[in-house]
Amino acid sequence: MWTKIIEFILTKIAVRNFEIGNSQIAIDLFEKLSGSEKKSNFVYLGLAYYMEGNYYKAYRNFKLCVDMGTAESKNAYDWIVHLDLENFEKVDLYELPQMNIHFMEKFAKREKYSFIQKNLEAYEYINSNINVKFKKKIDVFVYRSNNDNIGNRLSFANPPLLTIHTQFKHTKGHELAHLFVNNIYEGVNSKNRFIDEGFAEYFNEQQIYDETKIHDVLEGANVNIYCYWNNFEQYSPDFSYQVAGCFVGFFIYKMGIEKSQLLMRNQEYKAARKVYRKQLDDIISQFESLTK
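The numbering of the sequence shown is the numbering used here, which starts it at 3 and goes up by one.
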């Protein structure tokens, strides 16, 4: 009885640590479990090992779950395919010091070379602004089609797993920036789509967003930053991403990249307001006046 209660508590603590990015603590706790309790958490354990860069143990735990034939088995199999852990697609794998590039479909040599060069350039540019020590190499899975191998619409990044699944023609810096911004600290205090996408757009465009730039791009738009910040999904992506990139770029132009890094961690408006106080109000007011 007591053993079951203790294992139940350990499981809850392990899952919570996994969810907040403490993958090694989660592994240590999951490995203490026994019997059915451990078996029911093979997927979590596989993902935690993947986050630590231990691909062999990640695959081993996913495979144990697949072999059990339970409700979670399909999910485990999807992760094996999704993360190319058994090379089911017989992909071309290019191992670079910073990242592994998995070409999941057929590409010409010149296409691969071009993709790799652009990704490395984007990586070096972002890294020169935000120096992050990642737990493992970034894994980039490249497709020619618009969906990945389990049907997800491309492109997207998974910051905890340090993975990017991307369509070949999509921009190279946007998803990479998501990984940097969301891993610069041990954890993000408050995450917000407007700010998160804003940083991704800013680092993707590699431009200076001064007063002239903002006025040229958004004149007549009458942007209300508070509305975009708190209701980002209600606006058209074609325009909302541009507004987000311009605002974050303008914020960095005014504050500098070092001081702006706290915004990466405190992305919600209330959290950012506690950090920057009147400076944030002034920047918002200046930005909005340029869009009149």
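Each residue gets a CB set at the ideal place from its N, CA and C atoms; glycine is no exception.
- Membership of Asn56 in any beta strand (DSSP E) is not indicated, and neither H nor E is assigned to it by DSSP.
- Asp141 carries a strand assignment under DSSP once its states are collapsed to helix, strand and coil.
- For Glu123, the enclosing alpha helix (DSSP H) begins and ends at Lys111 to Asn131.
- Here Glu39 carries a helix assignment [DSSP, helix/strand/coil].
- Here the segment 153 to 171 does not lie against the segment 125 to 135, with fewer than 3 beta-carbon pairs under 8 angstroms apart.
- For Gln100, no alpha helix (DSSP H) run applies, since DSSP gives it neither H nor E.
- When the beta-carbon positions are compared, Gln244 and Val225 stay at least 8 angstroms from each other.
- Taking the C-beta atoms as reference points, Lys114 is found nearer than 8 angstroms to Phe105.
- Burial is judged here by how many other beta carbons sit within 10 angstroms of a residue's own beta carbon; Ala274 has at least 16 and is buried.
- According to the DSSP assignment, Asn206 belongs to the alpha helix (DSSP H) that extends over Arg195 to Glu207.
- In this structure, DSSP gives Thr72 a state outside helix and strand, which the three-state scheme calls coil.
- For Met266 against Val183, the beta-carbon gap comes to about 5 angstroms, under 8 angstroms, which counts as contact.
- At least 8 angstroms separates the beta-carbon of Phe32 from that of Ala60.
- When beta bridges are read from the DSSP output, Thr165 appears opposite Asp141 and Asn160.
- Between Ala78 and Phe109, the gap from beta carbon to beta carbon reaches 8 angstroms or more.
- Beta bridge pairing from DSSP links Arg155 with Asn149.
- Remark: fewer than three beta-carbon pairs, one from each stretch, lie closer than 8 angstroms, so the segment 249 to 268 and the segment 232 to 240 are not flagged as touching.
- Close CB contacts of Asn19 within its chain, under the 8 angstroms cut and outside five residues either way in sequence, are with Ser25, Ile27, Ala28 and Leu31 (chain order).
- Rounded to whole angstroms, the Cβ separation of Asp80 and Ile152 is 5 angstroms, and the two are in contact under 8 angstroms.
- C-alpha of Lys276 to C-alpha of Asp284: approximately 14 angstroms in a straight line.
- Cβ-Cβ distances below 6 angstroms link Met101 to Lys139, Ile140 and Val142 in the same chain, with the five nearest sequence neighbours on each side left out; the list follows chain order.
- In the three-state scheme derived from DSSP, where H, G and I count as helix and E and B as strand, Ser238 is classed as coil.
- Of the residues Gln236, Phe249, Glu177 and Lys135, the one whose Cα lies closest to the Cα of Ile216 is Phe249.
- Rounded to the nearest whole angstrom, the C-alpha separation of Glu107 and Glu88 is 15 angstroms.
- Selection Gln209, Gln236, Lys41 and Asp86 evaluated against Gly71 yields Lys41 as nearest (Cα-Cα).
- For a cut-off of 8 angstroms, the C-beta gap from Glu203 to Gly247 is around 3 angstroms, short enough to register as a contact.
- Sorting Ser147, Gly37 and Phe201 by C-alpha distance to the C-alpha of Gln269 places Phe201 at the top.
- Under the criterion of beta carbons closer than 8 angstroms, Thr173 and Asn129 do not qualify as touching, at roughly 17 angstroms.
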